[in-house]
Amino acid sequence: MRQRRWFELVKDYDCTIHYHPGKANVVADALSRKNSGDLMSMIMEQEQLIKDFVNMRIDVVVPPTSSKAIISAMVAEPTLRNRIKDAQTKDKFLCKMRERALAGNIRGFVEAPDDTLTYEWRVCVPKDENLRREILEESHCTPYTVHPGGTKMYRDLRNTFWWRNMKGSIASFMEQLAQLYIEEIVRLHGVRFRLCL
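Using the numbering used here, the letters of the sequence shown correspond one by one to residues 513 to 709.
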């Protein structure tokens, strides 16, 4: 089923879908050129589609002039990188590194084409605990990673992200998860034991 393949592709992204009515959508695409009979045959039941989007944590933005949305085109935009870019402007250390990088006084730090500060082409994550925690939880809890240990998480994340004391943050995060695991075992079974980390 074609829609199922789209869901598999889209569920890996944290994205928002913006609906543009036909008059506002000036760029013609293949779907807008088809007659309405063909288009209606391509659209699956709206309620089920919206439920699937909610399960995948995808926001659907419906224009205020309409009570229903017909999805004829979809654009997936990563929102995590945009949030990191916005948070970089509030981090004093990264602002200082950006100034030094633009002046050519420091090696490794570069401003990417989308104005995101990178270190050796890895996105610099600001000192925002909620943002870092979200990255760590996403890396640890996705169904494809099967709960990796601290070393595997660090090796995976260091290819994409950079922040000061990243390895220590990951170790601390893994310790917290181990403590939660122990507490859950004690709660369920009433057994107390010591786990050496």
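Just so you know, even glycine gets a beta-carbon here, dropped at the ideal spot from N, CA and C.
Exercise for review: Put W518 into one of helix, strand or coil per three-state DSSP.
Suggested key: Locating residue 518 in the sequence shown gives position 6, counting from the first residue. Here W518 sits in helix by DSSP.
Point to revise | S651 versus A624, P625, Y631 and I682, residue with shortest Cα-Cα distance | key: Numbered from 1 along the sequence shown, position 139 holds the residue referred to as residue 651. Residue I682 holds the alpha-carbon nearest to the alpha-carbon of S651 among A624, P625, Y631 and I682.
Point to revise | Nearest neighbour of R634, chosen from A615, E641, N617 and L669 [CA to CA] | key: Stepping through the sequence shown from its first residue, residue 634 is reached at position 122. Comparing Cα positions, the closest option is L669.
Exercise for review: Report the three-state DSSP secondary structure of Y656 (helix, strand or coil).
Suggested key: For the purposes of this step, residue 656 is taken as the residue at position 144 of the sequence shown. It is coil, neither helix nor strand.
**Study point:** V486 (DSSP reduced to helix, strand or coil)
**Key:** Nothing about residue 486 can be read from this structure; the chain reaches only from 513 to 709.
**Study point:** Proximity to I596 [Cα-Cα], best of D627, M568 and V566
**Key:** For the purposes of this step, residue 596 is identified with residue 84 of the sequence shown, where counting begins at 1. That would be D627, whose Cα lies nearest to the Cα of I596.
Exercise for review: Please specify which runs of the alpha helix (DSSP H), each continuous and at least 4 residues long, are wholly inside the region 594-636, giving them in chain order.
Suggested key: Correct list: 604-615.
Check your understanding: Do you know whose CA, among L521, T591, F519 and K563, lies nearest T528's CA?
Key -> Counting from one through the sequence shown, the residue named residue 528 turns up at place 16. Selection L521, T591, F519 and K563 evaluated against T528 yields T591 as nearest (Cα-Cα).
Check your understanding: Do C636 and Q600 have their C-beta atoms within less than 8 angstroms of each other?
Key -> Taking the sequence shown and counting its residues from 1, one reaches residue 636 at position 124. Taking the sequence shown and counting its residues from 1, one reaches residue 600 at position 88. Going by C-beta atoms, C636 is nearer than 8 angstroms to Q600.
Exercise for review: Buried or exposed for D524, please, with buried defined as at least 16 other CB atoms from any protein chain shown within 10 angstroms of its CB.
Suggested key: Counting from one through the sequence shown, the residue named residue 524 turns up at place 12. Exposed.
Check your understanding: What's the call for D526, buried or exposed, on a 16-neighbour Cβ count within 10 Å?
Key -> Taking the first residue of the sequence shown as position 1, residue 526 is located at position 14. It is buried - the Cβ of D526 has at least 16 other Cβ atoms within 10 Å.
Review point. Within this structure, are the beta carbons of E632 and G616 separated by less than 8 angstroms?
Key: Translated into the one-based positions of the sequence shown, residue 632 becomes position 120. Translated into the one-based positions of the sequence shown, residue 616 becomes position 104. For E632 and G616, no; Cβs fall outside 8 angstroms.
Exercise for review: Would you list the residues sitting across from D668 in a DSSP beta bridge?
Suggested key: Here residue 668 refers to the residue found at position 156 of the sequence shown. Answer by DSSP bridge pairing: none, since D668 is not bridged.
Check your understanding: What is the rounded straight-line gap between the Cα of G702 and the Cα of Y693?
Key -> Within the sequence shown, numbered from 1, the residue matching residue 702 stands at position 190. Within the sequence shown, numbered from 1, the residue matching residue 693 stands at position 181. Cα-Cα distance, rounded: 13 angstroms.
**Study point:** Own chain, CB closer than 6 angstroms to D571, minus 5 neighbours either side, in chain order
**Key:** Numbered from 1 along the sequence shown, position 59 holds the residue referred to as residue 571. Hits under 6 angstroms: T528.
Review point. Between the C-alpha atoms of E695 and K639, what's the straight-line distance to the nearest angstrom?
Key: Start at 1 with the first residue of the sequence shown, and residue 695 comes out as number 183. Start at 1 with the first residue of the sequence shown, and residue 639 comes out as number 127. Distance between the alpha carbons of E695 and K639: 29 angstroms.
**Study point:** Own chain residues within Cβ distance below 6 angstroms of L551, not counting five before or after
**Key:** Within the sequence shown, residue 551 is the residue found at index 39, counting from 1. Low confidence applies to L551: its pLDDT is 46, below 50, so where it sits in the model is not reliable enough to give any reading.
Practice item. Name the one or two DSSP bridge partners that T528 has. Key: Position 16 of the sequence shown holds residue 528. Partner(s): D571.
**Study point:** Residues that DSSP places opposite F673 in a beta bridge
**Key:** One-based indexing of the sequence shown puts residue 673 at position 161. According to DSSP, which records beta bridges pairwise, F673 is partnered with V635.
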